[in-house]
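Line by line, the protein sequences give chains S and F. Every letter in the first sequence is one number past the one before it in our numbering, and letter 26, counting from 1, is 26. Every letter in the second sequence is one number past the one before it in our numbering, and letter 160, counting from 1, is 576. Ideal Cβ placement from N, Cα and C applies to all residues, glycine included.
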Amino acid sequence: MRDAIIVQDLGKRFNRYHAEKPATFMEAALSGLRRMKPVEHFWALRHISFTVAPGEILGIIGHNGAGKSTLLQLIGKVGRPDEGHVRVNGGIGALLDLGAGFHGDLTGRENVFVNAIVAGLTRREVAQRLEAIVEFAELANSIDNPVRTYSTGMTMRLAFSVVVHTIPKVLLVDEFLSVGDVRFQAKCRERITQLKNDGCAIVLISHDAEQVEQLCEQAMWLRKGQIAACGEPEVVAGQYIAEMRSETQQRTPLRPPQLSKTGVELRVNENRFGSLEAEITDVRLLPAAEIRSGDALEIEIEYLSSQRIDAPNFGISISRKDGEVCFDTSISAKELSLSSIQGHGKITLHLDRLDLSGDQYFINLGIYEKNWDYAYDYHWHVYPLLINSTIQKSGLLCPPYRWEISQAQVSMLKRL
Amino acid sequence: MTIFFKRNTRSSLSKRKLVYLYDLLRELVVREMKLLYKRSALGVAWTLINPLLQLAVFAFVFQLVLPVEIPDYASFTFTGLLVWNWFQTCLFQATGVITANRALIRQPGFPIAILPVVTTTTGLVHFLLALPILLIFLLLAGIELKPVILYLPILQALQFALTVSLAYVLAALNVTFRDTQHTLGVVLQLFFYLTPIFYDIKNVPANFQFFYNLNPMVHIVTAYRSVLIQGVAPNWQPLLILAAVVVICLPIGLQFFRRQSDRFVEDL
């Protein structure tokens, strides 16, 4: 059978411009057109070749910025490749920015017409399918209301329905659908399976390797714009996950054991991991490394970063000796972020009270790359924390508590 | 036999494509019209009210305050206003088409080049809706319509092509220089006065005539007036030159437009 998508040696180059590239005539005139030229080029995609047969799903996995979305755009003929060719046989449907093409002031019906025609149908075809589109989206009662009165779920449902009713031969999906409620999602998946069985080729972008393993006939792993692996989903997904795990370990340079300021030996790849582009130089637990349950605790991290690092993440966890994590947080979990770090610095976590039951714990902490791709420096089971409790030791938590016994007579009697 | 069959499917495919492009154009124009009037109580009447108000002001100023001697001033100026408004509104709006339609441009297979055509067609619809009013003015002034009025569609087609080719270039420029549209607004305002809309080109001193002749809209407005008011065939020579220029510039503008809209969707 003829392949639905044929991509040959595809390459896409982006230009990086001067940060102060003029955006207006006035600025261009003032800077004398000096900054109009790109500062440098980089290849967002290069040497990409693959084919997708009708009725097949290709899953693409990779980190942010690996070129997944760019590839999807190029397959959809949005933008122009700098190298190679893309050939698509049949109409393309795209489940990307669902509902972006809708206009709030027009009714659902009017929007269906505009969008379905934009997606490639003729007026007559839309008129024939209108009923099915509305029925699938479950919007029979509100199809003549302006779309601005719709909920997000309704808009997405309608947009999804329009796309699947164009009966595309090629479907492009960016991060698998979360359209509407669980029931509707099941309906969407069913419809996509139906399209697939009718011979629609599907390209699915996902950051979830497991999902790709479950759904796809073929998988491709993109790394920095190039194919890192391509083939059986189980194999590719496995490789991808394995590399994610080993990334940190690989980047850890060999270095003789060092002593932390508190005197614990730091041994690379035993209790210390990371690329050491930034280092944790000292950790202090205040008021002390031995506290009572329910006391406040401050964890101070001093770090040294020889080069400038953008938006690093700091993470801290508390674990038991057996490795069970009792508490885990990071600055991004609080939706904070550092713009960049360079040189010496200090960051402190204040825990207002720590209600763990009495036991021996460890504080683990790390500085991570901004997308959590790997660690710069991660200290594991280096800093002990002893928590004393007067109460029994079993259980993980020891929050403040009291019993209230509401058998009125008993207490009354006792008081009397 | 196979060859015949192949050719047949290809031609039916391209027929579907034509139907599709027509439907797309129609649907997008209808959308523009609907959006324009969705929230306005006066609806389509705005198409007429705007030039009529302008006409009232010019008639007041140039008939009562500073009288100028132009026969049939109302028809004369109204013709100019309709033609110019079509040109000005469409060019201004079309300049923003790439930046304003990201969602459409990102749609796989969407023929981006249709966008300025949609804007200009919408303008043409407004122009046609206002045409009966113009005819009423002509009849009231006792002007007899001559068969040369049949040249009207040719003039409209030429103006259409001119607007679209300028729009391609300007919309493409607007991607790099986001102030193109604002600058254009000012420039168009100036050219409104530098085009004989509410005055007669005969009153322009001879040594400035050369510069006026460089403005394509001067020839187009004059041609409309020949056909509608004077009832004579337009002066074909400048129109033919203009048509030739448009034929050359349209594909170049289109190419530039395509490249810039590709760049726009790729913007990181």
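* Is the Cβ of Q73/S closer than 8 Å to any Cβ of chain F? -> Residue-level contact by beta carbon holds for Q73/S and chain F, with a gap shorter than 8 Å.
* DSSP on K370/S, reduced to helix/strand/coil? -> coil
* 8 Å contact criterion, which V698/F and A577/F should meet: CB distance rounded -> Outside the shown range of chain F, which is 417 to 684, sits residue 698/F, and nothing can be said about it.
* To do: Have a look at V603/F and F593/F and give me their C-alpha separation to the nearest angstrom.
  => 16 Å
* Could you say which of K321/S, G11/S, A296/S and A278/S lies nearest to Q307/S if we only look at CA atoms? => A278/S
* To do: Could you confirm whether any beta carbon from chain S is found closer than 8 Å to the beta carbon of V435/F?
  => Among the CB atoms of chain S, one or more fall inside 8 Å of the CB of V435/F.
* Which residue's Cα is closest to the Cα of D174/S: L349/S, W43/S and I57/S? -> I57/S
* CB of I75/S within 8 Å of CB of I6/S, strictly -> no
* Neighbour flag for L440/F against chain S, beta carbons, 8 Å -> Any Cβ of chain S closer than 8 Å to the Cβ of L440/F would place that residue at the interface, and such an atom is present.
* Length of the line joining the Cα atoms of H18/S and D678/F -> 20 Å
* S581/F (DSSP reduced to helix, strand or coil) -> Residue state, collapsed to three classes: helix.
* If the cut is a Cβ gap below 9 Å, which residues of chain S does A490/F touch? -> The premise fails here: A490/F is roughly 36 Å from chain S at the closest Cβ pair, so nothing lies under 9 Å.
* Apart from the five residues just before and just after R423/F, which ones in its own chain have a Cβ nearer than 6 Å to its Cβ? -> Below a pLDDT of 50, predicted positions are generally treated as unreliable, and R423/F, at 40, falls in that range; the measurement from the model is reported next regardless. Correct list: empty, nothing qualifies.
* **Local Cβ density within 10 Å of N115/S, reported as buried at 16 or more and exposed below that** => buried
* Cross-strand partners of Y615/F (DSSP beta bridge) -> DSSP lists no partner for Y615/F.
* Asked: Under the DSSP definition of a beta bridge, which residues are partnered with S305/S?
  -> A278/S and G343/S
* Is F362/S closer than 8 Å to S319/S when the C-beta atoms are compared? -> yes
* Can you tell me whether DSSP reads P384/S as helix, strand or coil? -> In this structure, DSSP gives P384/S an extended state, which the three-state scheme calls strand.
* Interface residues of chain S facing T599/F [CB-CB closer than 7 Å] -> F25
* **Beta-carbon contacts of R16/S that lie in its chain and below 7 Å, excluding the five residues immediately before and after** => P38, V39, E40 and F42
* Can you pull the chain F residues whose beta carbon is under 7 Å from the beta carbon of R189/S, in chain order? => Ordered by position in chain F, no residue passes the 7 Å Cβ test against R189/S, which lies about 22 Å from the chain.
* Coarse secondary structure for Q671/F, derived from DSSP in three states -> Looking at Q671/F - three-state DSSP - the assignment turns out to be helix.
* The alpha helix (DSSP H) spanning H542/F covers which residue range? -> I530 to L556
* If you measure beta-carbon to beta-carbon, which residues of the region 85-98 of chain S are closer than 8 Å to chain F? -> Listed in sequence order: G91, I92, G93, A94, L96 and D97.
* To do: State yes or no: is the C-beta of L556/F within less than 8 Å of the C-beta of V643/F?
  => no
* To do: In angstroms with no decimal places, state the Cα-to-Cα distance between E682/F and F492/F.
  => The alpha-carbon atoms of E682/F and F492/F are separated by roughly 48 Å.
* Asked: What do you reckon, are the CB atoms on L386/S and S357/S nearer than 8 Å?
  -> no
* Asked: Of all the options G199/S, A140/S, E234/S and T155/S, which has the alpha carbon lying nearest to the alpha carbon of I61/S?
  -> E234/S
* Does R641/F get closer than 8 Å to chain S when you measure Cβ to Cβ? -> No - not a single Cβ of chain S is within 8 Å of the one on R641/F.
* **Local conformation of Y438/F per DSSP, three classes** => helix
* **Residues that A519/F contacts on chain S, provided the C-beta gap is smaller than 8 Å** => D97, A100 and G101
* **Simplified DSSP assignment, three categories, for P146/S** => strand
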